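One point on numbering: in the UniProt record's numbering, the residue at position 47 of the sequence shown is 47, and numbering is uninterrupted. The beta-carbon is built from N, C-alpha and C at its ideal position, and this holds for glycine as well. Note that this is a predicted model, so its numbers are computed, not measured. Report on one structure; see the data block that follows.
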Amino acid sequence: MALTLDPEDTRARIHGLAWCGFHPDGDIEWMITDEYLDPDELTAEDRAWVKAEAARACAAKRAAEASWPAQTEYDRLEAVFAQLRSEKIIALHRAGNSLADGHDDVREQWRAAGRLASGIRGCCFYHAQDLDAAVRTGRLYLAFSGGMIPEIDQREANTVAVGRRIVELLRAAGFGAQWSGNINERIEADLGQWRKRSP
Numbered sequence: 001m002a003l004t005l006d007p008e009d010t011r012a013r014i015h016g017l018a019w020c021g022f023h024p025d026g027d028i029e030w031m032i033t034d035e036y037l038d039p040d041e042l043t044a045e046d047r048a049w050v051k052a053e054a055a056r057a058c059a060a061k062r063a064a065e066a067s068w069p070a071q072t073e074y075d076r077l078e079a080v081f082a083q084l085r086s087e088k089i090i091a092l093h094r095a096g097n098s099l100a101d102g103h104d105d106v107r108e109q110w111r112a113a114g115r116l117a118s119g120i121r122g123c124c125f126y127h128a129q130d131l132d133a134a135v136r137t138g139r140l141y142l143a144f145s146g147g148m149i150p151e152i153d154q155r156e157a158n159t160v161a162v163g164r165r166i167v168e169l170l171r172a173a174g175f176g177a178q179w180s181g182n183i184n185e186r187i188e189a190d191l192g193q194w195r196k197r198s199p
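Here's what the structure looks like:
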């Protein structure tokens, strides 16, 4: 019996899940069969194909990891994020699936930290769609803001300062970083490639 799923599309999704480095190998098969595809429409052949493809992609990733340097591009990015956090800037990896999701995650952390009393002065994040693009291209778009300051002028000035600081840290970490200076545009980080070791 022929496959009912789209092999090219599904293979690309499996590759993205395996190579993004955020998911245990054992989770990728069910993420495809139960979340990405409609489990009620899958045949036994579909499921066998997904199982084999997921195993192949994970094995290829593990083999590649063996030749990676001790510190990868993701490790250097996390060091940038850690520095931002030390400067009272919320920095989140893979924050939801969209900009709106990411901002929701930031607000949740801001509220949990104590709102204005926390001293948090901004945020930086990327979401799952940005991560998918980074796995393919090595380029990552970062959203950012100058915090939950009620005064518009002060918030905009703070957002510019946060944006400049993110660019400065990215460049110090050896990444290319482009930003127009417009607070309504995101920062583009050129990582070269996306390499994050899987858990």
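C-beta contact flag for residue i and residue j at 8 Å
{"i": "Y74", "j": "W194", "result": "yes"}
{"i": "Q178", "j": "E188", "result": "yes"}
{"i": "E41", "j": "T4", "result": "yes"}
{"i": "R139", "j": "L191", "result": "yes"}
{"i": "A106", "j": "I90", "result": "Sequence inspection shows Val at residue 106; the Ala mentioned does not correspond to that position. It is a contact, given that the beta carbons lie within the stated cut-off."}
{"i": "R121", "j": "N158", "result": "yes"}
{"i": "R155", "j": "G147", "result": "yes"}
{"i": "A54", "j": "E87", "result": "no"}
{"i": "G163", "j": "F175", "result": "no"}
{"i": "K61", "j": "A100", "result": "no"}
Anticipated Cβ contact below 8 Å, residue i with residue j, distance rounded
{"i": "A113", "j": "G102", "result": "The Cβ separation is near 17 Å, so there is no contact."}
{"i": "S98", "j": "W110", "result": "The Cβ separation is near 18 Å, so there is no contact."}
{"i": "R197", "j": "T72", "result": "7 Å"}
{"i": "C124", "j": "I166", "result": "5 Å"}
Given residue i as reference, the closest of the options once Cα atoms are compared
{"i": "G26", "options": "A52, L42 and D40", "result": "A52"}
{"i": "L77", "options": "P69, L42, A2 and A173", "result": "A173"}
{"i": "Y126", "options": "R165, G147 and H93", "result": "H93"}
{"i": "R13", "options": "F22, I32, G21 and A60", "result": "I32"}
{"i": "residue 201", "options": "A128, P69, P7 and A48", "result": "Since the first and last residues shown for the chain are 1 and 199, residue 201 lies out of range."}
{"i": "I183", "options": "I152, D132 and P199", "result": "I152"}
{"i": "G16", "options": "D130, L142, S145 and P150", "result": "D130"}
{"i": "L142", "options": "I149, A133 and P150", "result": "A133"}
{"i": "D6", "options": "A63, C20, D34 and D46", "result": "D46"}
{"i": "P199", "options": "S180, V160 and E65", "result": "E65"}
Span of the alpha helix (DSSP H) around residue i
{"i": "F144", "result": "Looking at the DSSP string, F144 is not in any alpha helix (DSSP H); the run it does join, the beta strand (DSSP E), is R139 to S145."}
{"i": "E29", "result": "D25 to W30"}
{"i": "E156", "result": "I152 to A172"}
Collapsed DSSP secondary structure at residue i in the structure displayed
{"i": "Q129", "result": "helix"}
{"i": "Q71", "result": "coil"}
{"i": "L5", "result": "coil"}
{"i": "D46", "result": "helix"}
{"i": "A66", "result": "coil"}
{"i": "E78", "result": "helix"}
{"i": "D38", "result": "coil"}
{"i": "L92", "result": "strand"}
{"i": "I183", "result": "coil"}
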